[in-house]
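One structure below.
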Amino acid sequence: MIEKTLVIIKPDAMQRSLVGEIIGRFEKVGLKLVGAKMVQVDKSLADKHYPKDREEFILGMANKTLDNYKEQDLDAKEQLGTDDPKEIGLMLQGWLVEFLTSSPVMVLVLEGPHAIEVVRKICGFTLPSKADPGTIRGDYSFDSSGYANTANRPIRNLVHASGNQEEAQLEVDLWFKPEELFDYETIHYKHMTQ
Ligand code: ADP
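Be aware that the sequence shown starts at 9, since it is given in the numbering used here, and climbs by one per residue.
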């Protein structure tokens with residue numbers, strides 16, 4: 009049940025000086041910070057983080073976008089030049105790589121019971137315009153895909169958080185060496201286990 013998950017505080021959050029606020033939200037819940045560093049990401053690392061060949065990621069992102077366009081009565085073909093999910097996914101991947109490398113980011117590994125799900129809940133839904141208040145994305149942004157894509161850019165939603173156990177394992181291994189992760193006791197564990 010104790011999981012590790014990766015969070016990236018993206019360039020928009022860095023530039024808006026929201027690092028302390030974001031880390032504080034995870035700390036308040038009791039998640040343990042076991043890794044943290046500031047990184048100027050290069051294209052090769054960004055491409056590994058947003059892999060072009062992981063269909064689940066590319067198509068998942070594209071289908072979420074197409075659903076959102078349909079809901080808002082927007083024409084994906086008109087706005088993006090295509091309504092083919094693979095082409096949309098690859099275009100978004102390109103924008104994401106460019107954005108992630110545009111200024112330094114903070115990368116965290118958080119640990120705790122159900123950490124992957126709990127962190128996703130604290131971050132909120134991908135599209136800030138639909139994310140609940142009380143979540144990081146819902147409280148600090150109103151961005152949407154329609155709005156972002158008219159400017160040919162990815163949604164600025166402040167944080168990345170691993171989506172599932174497989175992704176968390178891959179991402180923690182991609183961003184951190186074993187010696188960069190720490191083990192210590194927090195008071196939360198004592199409260200939970202006594
Ligand atoms: P999440 O980050 O919530 O796991 P996804 O994996 O679906 O979401 O997408 C990865 C990232 O791609 C999002 O966090 C967001 O920054 C960006 N993104 C997703 N969909 C769109 C879109 N339609 N337009 C622009 N950027 C998008």
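Don't be surprised by glycine CBs; every beta carbon is placed ideally from N, CA and C. Since the structure is predicted, the reported quantities are computational estimates derived from the model, not experimental observations.
Where residue i sits in the DSSP three-state scheme
i	result
V121	It is worth fixing the name first, because residue 121 is Pro in this sequence and not Val. Residue state, collapsed to three classes: strand.
L169	Note that residue 169 is Ala in the sequence shown here, rather than Leu. Strand, per DSSP.
L8	With the chain represented from 9 up to 202, any question about residue 8 goes unanswered, as that position is not in the structure.
L116	strand
R164	coil
L88	helix
Extent of the continuous alpha helix (DSSP H) to which residue i belongs
i	result
T13	Premise fails: T13 lies in the beta strand (DSSP E), 10-17, not in any alpha helix (DSSP H).
G102	93-108
E79	63-79
E193	Element bounds for E193: n/a, residue is neither H nor E.
Y58	Unbroken run through Y58: none, as it is neither H nor E.
Residue of the options minimising C-alpha distance to residue i
i	options	result
E11	P162, H199, A70, I124	I124
K36	G146, L118, N76	L118
R128	H168, F190, D20, E29	H168
N71	D55, D50, L98	L98
Range of the contiguous beta strand (DSSP E) that encloses residue i
i	result
L41	40-47
Integer-rounded CB distance, given that residue j should sit under 8 Å from residue i
i	j	result
I17	M114	4 Å
For the 8 Å Cβ check, are there 3 or more pairs between the stretch 130-137 and the stretch 148-158?
yes
Say whether the stretch 77-87 touches the stretch 25-33, bearing in mind that this needs 3 or more beta-carbon pairs closer than 8 Å, one atom from each stretch.
no
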